[in-house]
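Engineer: Take this structure first; my questions come after.
Number of protein chains: 2
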Amino acid sequence: MDANAYYLELRAKIFKALGHPSRLKMVEGLFEGERCVCELQAMVGSDISTVSKHLNILKEAGILQDERRGTNIYYSLRMKCVANFLSCVEDFVGQRLEEQIKMLSQSKLSSR
Amino acid sequence: MDANAYYLELRAKIFKALGHPSRLKMVEGLFEGERCVCELQAMVGSDISTVSKHLNILKEAGILQDERRGTNIYYSLRMKCVANFLSCVEDFVGQRLEEQIKMLSQSKLSSR
DNA sequence: ATCAAATTTGGTTATTCTGCCAAAAAGGAA
DNA sequence: TTCCTTTTTGGCAGAATAACCAAATTTGAT
Chain A
1 MDANAYYLEL RAKIFKALGH PSRLKMVEGL FEGERCVCEL QAMVGSDIST VSKHLNILKE
61 AGILQDERRG TNIYYSLRMK CVANFLSCVE DFVGQRLEEQ IKMLSQSKLS SR
Chain B
1 MDANAYYLEL RAKIFKALGH PSRLKMVEGL FEGERCVCEL QAMVGSDIST VSKHLNILKE
61 AGILQDERRG TNIYYSLRMK CVANFLSCVE DFVGQRLEEQ IKMLSQSKLS SR
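One line per chain: the protein sequences are A and B, in this order.
Just so we're aligned: the first sequence equals residues 1 to 112 in the working numbering.
Just so we're aligned: the second sequence equals residues 1 to 112 in the working numbering.
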């Protein structure tokens, strides 16, 4: 694999890591500051081993970093700029939802 | 599924769509303007049916839109703000690569 | 050294994703 | 209509993901 393909792969890996509801939710939760694994588990509700694996994927992608303090491991945001593009995605999704709602209400009206 | 979970899912879907090398490459290629499927195929090199499916994933996520003109179908960027966050990701990945290179050269020095 | 708490790792199963091929659709031109 | 080009769809095999459970690891406390 040449350097360009590797570079492309690294970028895609970041998006892939964010492309799962639980992982995205945890990343959003970390905007406010670091959290231990058990706190993050409470956020998403799945088995703690599942959460641990998700966190590792985010760490491997470079989005999060971790630090052990005592028996806990705290994860925090390493790639700060995700916050920017998450807000842009939220706006976009919000717009799409509004459009869908508008279309739905119109089809209701026309079917009366 | 409640509204929040659905909303989360929609956002994750966008990242998931961008989380594949071929799809990311095509999206980047579309920054400059619309392209037909055959042009996009040339960019990534896989079978045209594979490319078509990738494009559909990006369209379903809301990132791209398509328009038929004659026998060609032209895809273009619908979610303009991806450009912003892609540049942030590029910077980030570039930094990480530099760090890795630095670490590699240091370990070479120390092993002499 | 032993025990308990937090986290990761290994293993299994079910699901989803990818990529290719062949076949179908849709349009334009003769 | 028939043929040709472009694109999508259907189907299949192999690869990758995700979730859970159980077992291992790490650290702190007794």
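Heads up, the beta-carbon is just placed ideally off N, CA and C, and yes, glycines get one too.
Does the distance from the C-beta atom of B:Leu30 to that of B:Leu55 stay below 8 Å?
Structural biologist: Against a cut-off of 8 Å, the Cβ pair of B:Leu55 and B:Leu30 comes out as no contact.
Engineer: Got a sec: which bits of the stretch 57-79 of chain B sit with their beta carbon under 7 Å from any beta carbon on chain A, in order along the chain?
Structural biologist: Correct list: Gly62 and Met79.
Engineer: On the DSSP bridge assignment, give the partners of B:Ile73 in chain order.
Structural biologist: Paired residue(s): B:Arg68.
Engineer: Indicate the three-state DSSP secondary structure (helix, strand or coil) for B:Arg35 in the structure shown.
Structural biologist: Strand at B:Arg35.
Engineer: What separation, rounded to the nearest whole angstrom, lies between the Cα atoms of A:Ile48 and A:Met26?
Structural biologist: Each residue's Cα considered, the two are about 13 Å apart.
Engineer: For A:Gly29, report the span of its alpha helix (DSSP H) as first-last.
Structural biologist: Run containing A:Gly29: Pro21 to Gly29, per the alpha helix (DSSP H) assignment.
Engineer: Is the stretch 33-44 of chain B touching the stretch 98-108 of chain A, taking contact as three or more C-beta pairs under 8 Å?
Structural biologist: Counting Cβ pairs under 8 Å, fewer than three are found: no touch.
Engineer: What do you reckon, are the CB atoms on B:Glu34 and B:Tyr75 nearer than 8 Å?
Structural biologist: It is a contact, given that the beta carbons lie within the stated cut-off.
Engineer: Under 8 Å, do A:Glu98 and B:Arg11 count as touching if we go by C-beta distance?
Structural biologist: No, these two residues do not count as a Cβ contact at 8 Å.
Engineer: Taking only beta-carbon positions, decide if B:Ala42 is within less than 8 Å of chain A.
Structural biologist: Cβ-Cβ to chain A under 8 Å: no for B:Ala42.
Engineer: Examine chain A for any beta-carbon lying closer than 8 Å to the beta-carbon of B:Gly29, and answer yes or no.
Structural biologist: No, B:Gly29 lies away from the interface with chain A (no Cβ there is under 8 Å from its Cβ).
Engineer: Relative to chain B, which residues along the stretch 94-110 of chain A have a C-beta separation below 8 Å, given in chain order?
Structural biologist: From the stretch 94-110 of chain A, only Arg96 and Leu97 have a Cβ closer than 8 Å to chain B.
Engineer: If you measure from the beta carbon of A:Gly19 to each beta carbon in chain B, is any gap under 8 Å?
Structural biologist: Chain B, which has a Cβ nearer than 8 Å to the Cβ of A:Gly19, makes this yes.
Engineer: Closest Cβ-Cβ distance between A:Glu32 and chain B: below 8 Å?
Structural biologist: Not an interface residue.
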